[in-house]
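Sequential numbering from 43 applies to the sequence shown in this note's numbering.
See structure below.
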Amino acid sequence: MVKVVVLRWGHRPQRDVRLTTHVALIARAFGADGIILSDTEDKKIKETVDKITRNWGGSFFFEMETPWKKTVRDWKAKGGTVVHLTVYGENVQTSDVLSRVRKIGKDVLVIVGSQKVPGEFFSEDVSDFNVAIGNQPHSECASLAVFLDRFWEGKKLAENFENAKIRIVPNERGKKTETSRRF
Ligand SMILES: C[S@@+](CC[C@H](N)C(=O)[O-])C[C@H]1O[C@@H](n2cnc3c(N)ncnc32)[C@H](O)[C@@H]1O
43 MVKVVVLRWG
53 HRPQRDVRLT
63 THVALIARAF
73 GADGIILSDT
83 EDKKIKETVD
93 KITRNWGGSF
103 FFEMETPWKK
113 TVRDWKAKGG
123 TVVHLTVYGE
133 NVQTSDVLSR
143 VRKIGKDVLV
153 IVGSQKVPGE
163 FFSEDVSDFN
173 VAIGNQPHSE
183 CASLAVFLDR
193 FWEGKKLAEN
203 FENAKIRIVP
213 NERGKKTETS
223 RRF
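Structure follows, in structure tokens:
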């Protein structure tokens, strides 16, 4: 199965903490293998996300500080595909962009921005595909969730996260959980 890693660009430690945490949690919950918080560090977010992974399972990684150019260069050198999520891209619903991404069959690096992204992100040197989750501006959280869910055709929402200390027993009403001794 191909690997998907998210590159979060443009995190501003003073104002993006909650949003970047949500981007990371969405990446994990919707089936990405890890996230790279490029060009900056935020130890608090890493702690929060790593703690979620320890408790709720899986092997999601959180990497910080790597310059985005190095990440993209290394990813492409290994034959991976780069998808830039942008409102200006090819519409995921009205074009065949998603099937073209899938057809390549290579690992996918998904770039999401926060503030205005560098113009080079749109170029062939960086992105193999510029994908829009509809051509209306919204949010990195929404675009990442929809992209991953469509990419995996919903399958990752049924996935069992290995080595979890706690898991939820889906229930019509109320809150039911199990701890690791029982599964
Ligand atoms: C809140 S937007 C701000 C974008 C910024 N104003 C710009 O012009 O690049 C932050 C990120 O959300 C994502 N995003 C927002 N709307 C999107 C859409 N319709 N399709 C895909 N990605 C979107 C993009 O990754 C974008 O970099």
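Every residue, glycine too, gets a C-beta built ideally from N, C-alpha and C.
Since we're looking at a predicted model, the values are computed, not measured.
DSSP state of residue i mapped onto helix, strand, coil
i	result
His53	coil
Glu182	helix
Phe189	helix
Glu105	strand
Glu204	coil
Arg144	helix
Val139	helix
Run of the beta strand (DSSP E) containing residue i, from where it starts to where it stops
i	result
Asn97	That residue, Asn97, is in no beta strand (DSSP E); its alpha helix (DSSP H) goes 85 to 98.
Thr219	219 to 221
Ile68	Careful: Ile68 lies outside any beta strand (DSSP E), inside the alpha helix (DSSP H) at 59 to 71.
Ala174	171 to 174
Val114	Per DSSP, Val114 belongs to no beta strand (DSSP E); it is in the alpha helix (DSSP H), 110 to 119.
Val168	Run containing Val168: none; DSSP gives neither H nor E here.
Glu132	123 to 133
Leu151	150 to 154
Own chain, CB closer than 6 Å to residue i, minus 5 neighbours either side, in chain order
i	result
Phe102	Arg70, Gly76, Thr95
Ser222	Lys207
Close beta carbons around residue i, own chain, < 8 Å, minus the five adjacent residues each side
i	result
Ser156	Arg50, Trp51, Gly52, His53, Arg54, Asp58, Leu61, Thr62, Glu182
Tyr130	Phe164, Asn172, Ala174, Asn177
Contact set for residue i: own chain, Cβ-Cβ below 7 Å, skip 5 residues either direction
i	result
Lys88	Phe104, Met106
Discussion item. Residues around ligand 1, please: the condition is that the C-beta lies closer than 6 Å to some non-hydrogen atom of it.
Written reply: Leu127, Thr128, Val129, Val154, Gly155, Ser156, Lys158, Val159, Ala174, Ile175, Gly176, Gln178, Pro179, His180, Ser181, Glu182, Ser185
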